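A.B. asks: Numbering (our numbering), first residue to last: 1 to 913.
The beta carbon of each residue, even a glycine, is placed where N, CA and C say it ideally should be.
Bear in mind that the values here come from a model prediction, so they are computed numbers and not experimental data.
Structure incoming, see below.
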């Protein structure tokens with residue numbers, strides 16, 4: 001890491017352009033607080049610089065120097081044309097808000113443990129690899145020479161093939177990277193790409209590993225934007241409380257570490273909300289007029305950039321459209337609104353082009369998936385077109401253009417009608433609304449209370465009260481509010497409901513309606529259905545941009561009301577109300593310590609306290625003291641991953657080709673960063689019987705180019721058998737990292753260890769066949785011979801289990817489980833004597849040896865290792881191109897979250913005449 005680059009580029013990229021633009025667009029800086037005068041240049045700089053970085057990446061010319069050059073040109077132009085009109089922008093003359101700064105320091109402590117998701121196969125890992133690839137190659141679009149050169153029929157061996165009609169592309173190079181044009185080698189990464197461009201900026205400055213801190217940084221900016229938004233709504237003391245409650249909420253600090261786009265979306269959403277709310281501030285109309293254009297531009301750019309960040313940004317069009325209609329119909333449109341919607345329109349136009357060029361596959365699948373989950377297609381009795389049809393036929397585009405044109409014409413006529421209605425009945429309607437406003441507010445508050453009771457108590461049908469604090473809960477979406485309460489606490493959810501009723505009764509007005517309406521719209525969407533794999537804590541990411549900020553503001557509003565407003569005219573009653581507020585806050589904090597995992601308790605394990613600077617568990621009276629890393633707040637998700645994968649990349653010749661073979665998902669975890677972070681030609685074989693003869697032909701071609709071919713066999717990778725090639729051992733690779741556990745129906749409260757092991761071999765032409773006797777040591781180099789059904793083992797283990805992870809009821813209910821191994825070829829006239837050394841986790845577990853449909857023998861296993869011998873004619877073995885497959889089928893035992901069969905130590909196959 002070059003800290004000199006940080007000292008040079010961070011002020012240039014993330015302060016200077018915003019500072020100059022602020023002095024140009026905001027003519028009355030004194031209307032902003034000192035903190036806002038610091039925040040504005042940083043927020044504007046982040047938006048501008050990241051936008052420039054994305055634009056350069058779209059054209060394939062991203063680099064740190066190019067971005068810096070554009071920023072310098074922008075700064076020079078602003079200075080040249082606007083310096084005579086610069087507003088006086090004071091940054092140093094202010095009194096620090098020490099409480100706010102203390103909360104920011106707390107946020108830094110909680111946020112600054114970025115998860116090392118450089119591995120592939122997950123959304124987080126895909127984002128990191130896209131950002132690293134942009135930094136390394138300069139473009140979003142990837143031109144993969146190997147994809148272009150390899151014959152498609154043979155290369156399919158390495159590609160996942162997609163049959164979903166709502167996916168435009170049919171081949172996957174590696175998970176999250178779609179082959180758009182095999183002939184040209186064009187690969188397009190998943191998602192939208194503003195957040196990867198943000199990562200690429202930091203990767204270019206400080207490298208991929210230190211660049212992981214880009215996510216905590218943008219999350220911190222989002223939290224600061226939340227503070228200023230809350231301050232604008234209900235005052236400084238309220239904002240301090242709300243900021244504190246936000247940063248200690250587990251999903252907030254977890255996704256400040258976890259590299260997905262939600263932290264950036266939160267920053268953009270809340271910055272836009274703050275700018276719009278400040279734009280409509282009434283107490284200083286003259287200041288609003290002087291700063292209105294700048295605030296409008298900032299809000300428009302921030303809202304527009306959300307469309308570069310997340311697919312659900314389309315929902316933001318609804319409140320923006322309604323806001324524009326109200327301004328038009330009320331004849332309240334001013335120049336700041338031209339700035340707002342003009343800036344938004346410019347950014348949105350580029351975003352739409354970006355979507356069609358770089359993300360059509362991702363977006364259409366997301367939107368069609370959401371529509372089908374809600375049965376919209378069935379409700380409207382329409383058949384959603386297949387992706388290829390939609391993007392190949394121009395009439396669909398003409399339909400949308402025509403619909404937009406008709407909408408504009410209709411808007412013109414509707415406006416004329418509304419203006420006539422206003423002239424005739426407007427004053428009377430306003431008077432009637434004023435008279436009925438009280439009852440409308442009461443009705444809204446009652447509706448909020450009814451929805452809270454229905455979605456928190458009635459519809460989820462919890463089996464016990466323990467469900468509300470993380471216990472077993474229905475996996476259905478009706479329980480989403482309960483599961484949000486796992487992290488906000490039942491007290492927090494109740495306070496948010498009370499706060500929502502208070503806002504409806506007392507606070508909701510034209511100025512804040514956009515924020516509360518938009519946040520409520522997103523809350524209703526995601527509390528109804530999460531539209532993702534609903535395992536926790538991962539799926540709470542959808543709540544980060546607006547839902548959790550909304551709930552925190554509502555809960556803080558309830559505490560503020562209890563403390564300041566309830567019984568304000570009666571001192572004794574007010575004291576009781578304040579005691580209630582303090583008690584609710586204390587209970588919330590006590591629960592939050594539990595949600596953070598700092599305190600844990602169970603009937604079997606007792607009480608545990610996790611504290612820093614403790615390296616091992618220490619009994620302490622009736623409780624035990626454990627390492628802080630065992631809590632979710634203290635753990636380092638996937639810590640050490642970058643160093644491990646980097647070490648493997650350094651072992652490989654840069655010109656080598658590496659082919660992974662293991663289970664379905666595991667190989668891509670390592671192959672993806674090797675390809676997109678370190679630039680190695682890494683491939684993963686298809687997980688069901690990869691055609692060895694086609695891979696042999698590809699290896700022939702690579703070797704003819706003078707390239708080494710490394711085969712990385714993981715557990716169950718023996719399905720890859722390559723004729724005419726032998727395996728020359730060149731090393732081993734073990735990936736070992738902690739990961740917070742996930743679950744669908746209860747709150748995960750511990751971490752597990754990810755352990756993947758690979759044996760590395762160089763593919764060399766075979767000079768002689770494998771000979772018998774053949775010995776397979778399950779504690780040694782067994783990887784090339786394990787076909788399926790085996791569990792991972794630690795590198796020092798001397799045996800291996802047949803088994804599966806008990807991650808679903810279907811798996812947990814297995815009665816029999818099998819593991820298959822590959823044996824070398826032998827002539828059909830022989831008889832094989834198979835000697836298995838094995839044991840089982842309990843007495844009298846039955847083990848059956850099969851090959852195809854032929855049963856070779858049975859045994860009863862004991863808990864101690866013993867040898868079992870079987871004899872079988874070779875003609876009874878199931879043959880394939882490279883030998884024979886033998887299956888070990890065992891009765892199962894459920895233990896430690898795994899379905900276990902037999903534990904095998906060795907297999908010896910001896911030829912008998």
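Look up residue 833 in the DSSP assignment and say whether it is helix, strand or coil.
C.D. replies: Residue 833 sits at position 833 when you count from the first residue of the chain shown. Strand at residue 833.
A.B. asks: Confirm, please, whether the CB-CB distance from residue 63 to residue 17 is below 7 Å.
C.D. replies: The residue given as residue 17 occupies position 17 in the chain shown. The residue given as residue 63 occupies position 63 in the chain shown. Going by C-beta atoms, residue 17 is not nearer than 7 Å to residue 63.
A.B. asks: Would residue 742 and residue 472 be called neighbours here (beta carbons separated by less than 7 Å)?
C.D. replies: Taking the first residue of the chain shown as position 1, residue 742 is located at position 742. Taking the first residue of the chain shown as position 1, residue 472 is located at position 472. Cβ distance not < 7 Å, so residue 742 and residue 472 don't count as in contact.
A.B. asks: Would residue 894 pass as a contact of residue 884 if the rule is Cβ separation under 7 Å?
C.D. replies: Locating residue 894 in the chain shown gives position 894, where the first residue counts as 1. Locating residue 884 in the chain shown gives position 884, where the first residue counts as 1. No; because the gap between Cβ atoms is not below 7 Å, this pair is not in contact.
A.B. asks: When the Cα of residue 8 is compared with those of 684, 60, 32, 68, which residue comes out closest?
C.D. replies: The residue labelled residue 8 in the question sits at position 8 within the chain shown. Residue 68 is the option with its Cα nearest to residue 8.
A.B. asks: Any idea what DSSP makes of residue 477, helix, strand or coil?
C.D. replies: Position 477 of the chain shown, counting from 1, holds the residue named residue 477. Reduced to three states, the DSSP call for residue 477 is helix.
A.B. asks: Give me, in chain order, the residues of the same chain whose beta-carbon lies closer than 6 Å to that of residue 142; leave out the 5 immediate sequence neighbours on both sides.
C.D. replies: Reading the chain shown from its first residue, position 142 is the one you call residue 142. Closer than 6 Å at the Cβ level, and outside the excluded window around residue 142, lie 187.
A.B. asks: At which residues does the beta strand (DSSP E) containing residue 619 begin and terminate?
C.D. replies: Indexing the chain shown from 1 puts residue 619 at position 619. 618-620 is the extent of the beta strand (DSSP E) around residue 619.
A.B. asks: Reducing DSSP to helix, strand and coil, say where residue 307 ends up.
C.D. replies: By one-based count along the chain shown, residue 307 stands at place 307. Coil at residue 307, not helix or strand.
A.B. asks: Go ahead and pull the three-state DSSP assignment for residue 641.
C.D. replies: Position 641 of the chain shown, counting from 1, holds the residue named residue 641. Residue state, collapsed to three classes: helix.
A.B. asks: Please list the segments of the alpha helix (DSSP H) lying wholly inside the region 61-142, counting only runs of 4 or more residues, in order along the chain.
C.D. replies: Counting only runs of 4 or more residues that sit fully inside the region 61-142, the alpha helix (DSSP H) segments are 64-82, 98-111, 123-137, in chain order.
A.B. asks: Tell me the residue span of the alpha helix (DSSP H) that contains residue 41.
C.D. replies: Within the chain shown, residue 41 is the residue found at index 41, counting from 1. Its alpha helix (DSSP H) spans residues 34-58.
A.B. asks: Name, in chain order, the residues that DSSP records as bridge partners for residue 623.
C.D. replies: Locating residue 623 in the chain shown gives position 623, counting from the first residue. Looking at the DSSP assignment, residue 623 forms a beta bridge with 607, 620.
A.B. asks: Between 784, 698, 631, which has its C-alpha nearest residue 609's C-alpha?
C.D. replies: One-based indexing of the chain shown puts residue 609 at position 609. It is 631 whose Cα lies nearest to the Cα of residue 609.
A.B. asks: Which runs of the alpha helix (DSSP H) fall wholly inside the region 295-350 and span at least 4 residues, in chain order?
C.D. replies: Taken in chain order, the complete alpha helix (DSSP H) segments of 4 or more residues contained in the region 295-350 are 317-329.
A.B. asks: Can you tell me which of 465, 80, 308, 854 puts its alpha carbon nearest to the alpha carbon of residue 53?
C.D. replies: Against the chain shown, residue 53 aligns to sequence position 53. Nearest option by C-alpha distance: 308.
A.B. asks: Spatial neighbours of residue 744 within its chain, please: CB distance less than 8 Å, with the 5 preceding and 5 following residues excluded, ordered by chain position.
C.D. replies: One-based indexing of the chain shown puts residue 744 at position 744. Result list for residue 744: 475, 534, 535, 536, in chain order.
A.B. asks: The ligand PLP and residue 631: does any heavy atom of the ligand fall closer than 6 Å to the residue's C-beta?
C.D. replies: Of the ligands one can find in the structure shown there are none, so the ligand PLP has no counterpart to examine.
A.B. asks: Three Cβ pairs or more, each shorter than 8 Å: is that satisfied between the region 507-520 and the region 610-630?
C.D. replies: Too few Cβ pairs lie closer than 8 Å, so no.
A.B. asks: Can you name the residues that DSSP bridges to residue 846?
C.D. replies: Residue numbering aside, residue 846 sits at position 846 when the chain shown is read from its first letter. Paired residue(s): 860.
A.B. asks: Can you find the residues in the same chain that come closer than 7 Å, C-beta to C-beta, to residue 328, ignoring five residues on each side of it along the sequence?
C.D. replies: As a first step, residue 328 is located in the chain shown; it is residue number 328 there, counting from the start. The answer, listed in chain order, is 415.
A.B. asks: Measure from the alpha carbon of residue 661 to the alpha carbon of each residue in 652, 654, 655, 671, then state which is nearest.
C.D. replies: Translated into positions along the chain shown, residue 661 becomes position 661. Ranking 652, 654, 655, 671 by Cα distance to residue 661 puts 671 first.
A.B. asks: Short of 7 Å in beta carbon distance, which residues of its chain neighbour residue 424, apart from the five on each side in sequence? Order them along the chain.
C.D. replies: Your numbering for residue 424 matches position 424 in the chain shown. Once the five neighbours on either side are set aside, residue 424 has no close Cβ partner at all.
A.B. asks: Work out the CA separation of residue 751 and residue 898 for me, nearest whole Å.
C.D. replies: Along the chain shown, one-based indexing puts residue 898 at 898. Along the chain shown, one-based indexing puts residue 751 at 751. Cα to Cα, residue 898 sits roughly 16 Å from residue 751.
A.B. asks: According to the Cβ coordinates, are residue 691 and residue 157 closer than 7 Å?
C.D. replies: Stepping through the chain shown from its first residue, residue 691 is reached at position 691. Stepping through the chain shown from its first residue, residue 157 is reached at position 157. Result yes, Cβ atoms of residue 691 and residue 157 sit closer than 7 Å.
A.B. asks: Assign residue 749 to buried or exposed, taking buried as 16 or more other Cβ atoms, counted over all protein chains shown, within 10 Å of its Cβ.
C.D. replies: Here residue 749 refers to the residue found at position 749 of the chain shown. The residue in question, residue 749, is buried, as its Cβ has 16 or more Cβ neighbours within 10 Å.
A.B. asks: Checking 7 Å against the spacing of the C-beta atoms, do residue 437 and residue 459 come in under that value?
C.D. replies: Here residue 437 is taken as the residue at index 437 of the chain shown, counted from 1. Here residue 459 is taken as the residue at index 459 of the chain shown, counted from 1. Not closer than 7 Å, so no.
A.B. asks: From the DSSP output, read off the bridge partner residues of residue 236.
C.D. replies: Residue mapping note: residue 236 aligns to position 236 of the chain shown, counting from 1. Paired residue(s): none; residue 236 is not in a bridge.
A.B. asks: Report the option in 846, 194, 236 whose CA atom is closest to the CA atom of residue 51.
C.D. replies: For the purposes of this step, residue 51 is taken as the residue at position 51 of the chain shown. The residue with the shortest Cα to Cα distance from residue 51 is 194.
A.B. asks: Can you tell me where the alpha helix (DSSP H) holding residue 203 begins and where it ends?
C.D. replies: For this step, residue 203 is matched to residue 203 along the chain shown. Here the alpha helix (DSSP H) through residue 203 covers 194-211.
A.B. asks: Can you look up residue 900 in the DSSP assignment and give me helix, strand or coil?
C.D. replies: The sequence position of residue 900 within the chain shown is 900, counting from 1. Three-state DSSP puts residue 900 in a strand.
A.B. asks: Counting along the chain, where does the alpha helix (DSSP H) carrying residue 672 start and finish?
C.D. replies: Reading the chain shown from its first residue, position 672 is the one you call residue 672. Start and end: 666-676.
A.B. asks: Which residues in the same chain have their Cβ closer than 7 Å to the Cβ of residue 364, if we skip the five residues on either side of it in sequence?
C.D. replies: Here residue 364 corresponds to residue number 364 of the chain shown, with the count starting at 1. Excluding residues within five positions, the ones whose Cβ falls inside 7 Å are 166, 168, 387, 390.
A.B. asks: Taking the continuous beta strand (DSSP E) assigned at residue 740, which residues delimit it?
C.D. replies: Within the chain shown, numbered from 1, the residue matching residue 740 stands at position 740. 725-740 is the extent of the beta strand (DSSP E) around residue 740.
A.B. asks: Check whether the region 254-265 touches the region 211-226, taking contact to mean three or more Cβ pairs, one atom from each stretch, closer than 8 Å.
C.D. replies: These segments touch.
A.B. asks: For a test of the three-state rule: what should DSSP assign to residue 769, helix, strand or coil?
C.D. replies: As a first step, residue 769 is located in the chain shown; it is residue number 769 there, counting from the start. Coil at residue 769, not helix or strand.
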